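Undergrad: Protein sequence lines, in the order shown, are assigned to chains A and B. With my numbering applied, the first sequence covers 239 to 482. With my numbering applied, the second sequence covers 6 to 238. Heads up, the beta-carbon is just placed ideally off N, CA and C, and yes, glycines get one too. Treat the numbers as computed from the prediction; the structure is a model and nothing was measured.
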Amino acid sequence: MAITKVMGSFDEAVADIHDGATVGVSCWVGEVMTPQNLTQALARKSPRNLVLVSFFGGIGEKVREFLSSLYGEERAAKVWYIDAAKLIEQGMVRKLISSFPFAPGIDLVKKEWEAGKLEVEQLPHGTLAVRLWAAAAGVGGVYVRTGVGTVVEEGKEKRVFEEKEYILERPLKLDFALIRAYRADEYGNLIYRGVGRAVSALIAKAASITIAEVEEIVKAGELDPERIITPGIYVHRVVQIPRD
Amino acid sequence: MTGRELRERLKSKQRLDEQTIALRAAKEIQNGDHVNLGMGIPTLASNFIPEGRTVFFQSETGILGYGPIATEEGADEMGWSLINASGQPVMPVPGMSVFHVGEAFDMIRGEKLDLTILGGLQVSEKGDLANWQAPHFLTSIGGAMDLAVGAKRVIVCMTHVTRNNEYKIVKQCTFPLTAKECVDLIITDLAVIEVTLQGLLLRELAPTWTAEEVQALTEPNLIVAPDLKEIEL
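1. Against residue 383/A, what residues of chain B qualify as contacts under a CB-to-CB distance less than 7 Å, listed in chain order?
2. What are the partner residues of residue 104/B, as DSSP defines its beta bridges?
3. Checking contacts by CB at 8 Å: is residue 461/A closer than that to chain B?
4. Assuming residue 277/A and residue 322/A are in contact, meaning their beta carbons sit under 8 Å apart, how far apart are those beta carbons, in whole angstroms?
5. Could you check whether residue 144/B and residue 106/B sit closer than 8 Å to each other, using their CB atoms as the reference points?
6. Is any non-hydrogen atom of the ligand SAH found closer than 7 Å to the C-beta of residue 198/B, if you look at the structure I gave you?
7. Using a Cβ-Cβ distance under 8 Å, would residue 433/A count as near chain B?
8. Can the beta-carbon of residue 326/A be found less than 8 Å from the beta-carbon of residue 350/A?
9. Below 7 Å on C-beta distance, what does residue 337/A contact in chain B?
10. For the stretch 409 to 422 of chain A and the stretch 390 to 397 of chain A, state whether three or more C-beta atom pairs, one from each stretch, are separated by less than 8 Å.
11. Could you name the residues of the stretch 416 to 440 of chain A whose beta carbon sits closer than 7 Å to any beta carbon of chain B, in the order they occur along the chain?
12. Residues of chain B with CB under 8 Å from residue 341/A, in chain order?
13. Please go through the same chain and pick out, in chain order, the residues whose beta-carbon is closer than 6 Å to the beta-carbon of residue 260/A, but skip the five residues on each side of it.
14. With 8 Å as the C-beta to C-beta threshold (strictly closer), list the residues of the stretch 351 to 375 of chain A near chain B in chain order.
15. Would you identify the three-state DSSP class for residue 363/A, choosing helix, strand or coil?
16. Can you pull the chain B residues whose beta carbon is under 9 Å from the beta carbon of residue 268/A, in chain order?
17. Nearest by alpha-carbon distance to residue 228/B: which of 235/B, 202/B, 151/B, 10/B is it?
18. Can you confirm whether residue 388/A, when its beta carbon is compared against all beta carbons of chain B, has any partner nearer than 8 Å?
19. Which residue wins for smallest C-alpha separation from residue 390/A, given the options 373/A, 366/A, 292/A?
20. What are the boundary residues of the alpha helix (DSSP H) that residue 47/B is part of?
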C-alpha cells in the first residue's frame, strides 16, 4: 500500500503535541531554517508546560512588529520572522534549553526568566549539538572538553583522558521536532537551501516525531538520492507551505 | 606619580579605534587558514585580509568559505539562505560548502580550525578568558566556549580597560569563565601581548604609548619583549 507522510494542514500536524512535551524548534538565523507555520499552529493548539529546546531563544513577535513599523513589513519579514519565542510569549514554555537564550536588545527571555516564569538551562552551542546527536545516535553520553572549569561543568561527571579533562554530557531526547526544509518527497526525504539545514538536519534525528514544513513536496524519485540530507526515516510528517 | 594618578592621566590619551585593532588582528591570519570570527571587533577583521591570502571563514550556522557580507540586493538574489552566526547575510564564493550545526562544531571541537578571533571582557595572566557574562551584561555562551577550547590558536581583541578605567587584563578573572588557559594573543587598543608560560609578554605598543603606561593599565606584571616595537599595521 502506498505510504505518504504528507499532511493537509499545520494544525493537524501538531495536534498531538501535549502538555509537558519536550519540543525542539529550528531557530537561529534566517527564514529558510524557521518553521513559522508549524510554530503558529502549535501556538493555536497551545499546550502548556513545554520544555523548549532551541539554539537561539528567538526574537518574538513584539520585536518583529517594531521592526515592521520601522522598515515596512516586507523588509522586516526577510530577517525577522515568527520563531520559537512565539511559544514563550504565549506562556506555553516551562523550561528553555538553549545555547543562545539571551541577546543584547532582545529582552523577552530575560524578562520571563527574571520574573521567575521561565526556567533557563544554558549550554554551549557545540554541547547542545552533541547532546542532540547522542540522543539521535542512541549513545549514553559524550565526554567533551568544552565547559571544563566553567559553570557548565557544575553537577556533571568529570574524567581525564590522555591528561586532558572532559565532562560527561548526556543525551537530550526530543518528543517532537519542528523543522523547515526546501523540498520533501512523500516519504519524508528532505533537501535544504543554504543554512536551512543548520538546525533542522540535526534535531530531526533527535526526536520521536519530526514534523517538517517545506516549500515544495514532490513524488518519490524526484529528489536526487545523492542530494538528500535528511533521509525519510527521521521524518514523520510533512506539510507544504502555502504559496501566496 | 602614583599608579592611580598615572591611570587617571592616561584616560585622555589617544588609543587605537576598533577598525585599527581589527586591521592588526587580520595580520595574524595566514594564507590557507580556516578561521572563525566572533561578534564585534573580530567580525571587522574580515575586511582587512592582506592581499593575496586565501582564507576560509567558518560560521557556526554551517558555512565554510563564505564571502563578504551581502548587500540587500545580494541577499535577495540568494533568497536570504546564507547567514552567518551574527545574523548577517553573506555572499557565496567559489569553494564554499554548507553543513549542519553538529558538523560545524565537530570542526571546532575537533581542532580543525587554525584560528579564532574572539571578543573579551577579561583575560587572565594565564590566558583564561571570560567573554560571555558580567554583572549588568547578560548575553549567551553561544559558540565561544567551543571555539576557545577547540581552535588551534585563540586571539582576543578588546579594549585594554573598561569604560570606567578598570583592568580587563587581570591576575584572575572575576567574571564567569569561557575557558581556562586558552588565549594565545591579546590585541587591544594599546598593545599586542602574547600569553607565554613565563607570563604576559608585551610585544607591540600603540603609537606614543610606553611600556610603563601600558603596565599601569594592566593588573599582572608584563614582561617587556627585547624587540618591543610600535604596533605594525
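TA: So, from the listed chains and residues:
1. Taking the first sequence and counting its residues from 1, one reaches residue 383/A at position 145. Chain order gives the chain B residues near residue 383/A as 154, where near means a beta carbon separation below 7 Å.
2. Position 99 of the second sequence, counted from the start, is the residue given in the question as residue 104/B. Per DSSP, none; premise fails for residue 104/B.
3. Residue mapping note: residue 461/A aligns to position 223 of the first sequence, counting from 1. No - not a single Cβ of chain B is within 8 Å of the one on residue 461/A.
4. Looking up residue 277/A in the first sequence gives position 39. Looking up residue 322/A in the first sequence gives position 84. Sure, about 7 Å apart at Cβ, within 8 Å.
5. Position 101 of the second sequence holds residue 106/B. Position 139 of the second sequence holds residue 144/B. No. Outside cutoff.
6. In the structure on display, the ligand SAH does not appear, and there are no ligands present to speak of.
7. Translated into positions along the first sequence, residue 433/A becomes position 195. It does: the Cβ of residue 433/A has a partner Cβ on chain B nearer than 8 Å.
8. The sequence position of residue 326/A within the first sequence is 88, counting from 1. The sequence position of residue 350/A within the first sequence is 112, counting from 1. Closer than 8 Å, so yes.
9. Counting from one through the first sequence, the residue named residue 337/A turns up at place 99. Within 7 Å Cβ-Cβ: 145, 146, 147.
10. The answer is no - the stretch 390 to 397 of chain A does not touch the stretch 409 to 422 of chain A, with fewer than three Cβ pairs under 8 Å.
11. For the stretch 416 to 440 of chain A, the set of positions with a beta-carbon nearer than 7 Å to some beta-carbon of chain B reads 431, 432, 433, 434, 435, 436, 437, 439, 440 in chain order.
12. Walking along the first sequence from the start, residue 341/A turns up at place 103. Neighbours of residue 341/A on chain B, chain order: 144, 145.
13. Working through the first sequence from its first residue, we reach residue 260/A at position 22. If we look at residue 260/A and ignore the five residues flanking it on each side, its Cβ neighbours are 289, 412, 413.
14. Answer set for the stretch 351 to 375 of chain A: 360, 361, 362, 363, 364, 365, 367, 368, 370, 371.
15. Residue mapping note: residue 363/A aligns to position 125 of the first sequence, counting from 1. Three-state result, residue 363/A: helix.
16. Residue 268/A sits at position 30 when you count from the first residue of the first sequence. Residues of chain B passing the Cβ test: 66, 85, 86, 87, 88, 92, 94.
17. By 1-based counting over the second sequence, the position of residue 228/B is 223. Selected option, being the one with the closest Cα: 202/B.
18. Here residue 388/A is taken as the residue at index 150 of the first sequence, counted from 1. Yes, residue 388/A lies at the interface with chain B (some Cβ there is under 8 Å from its Cβ).
19. If you number the first sequence from 1, residue 390/A lands on position 152. For the residues 373/A, 366/A, 292/A, the minimum Cα distance to residue 390/A belongs to 366/A.
20. Locating residue 47/B in the second sequence gives position 42, counting from the first residue. Taken as a continuous stretch (DSSP letters only), the alpha helix (DSSP H) holding residue 47/B covers 46 to 49.
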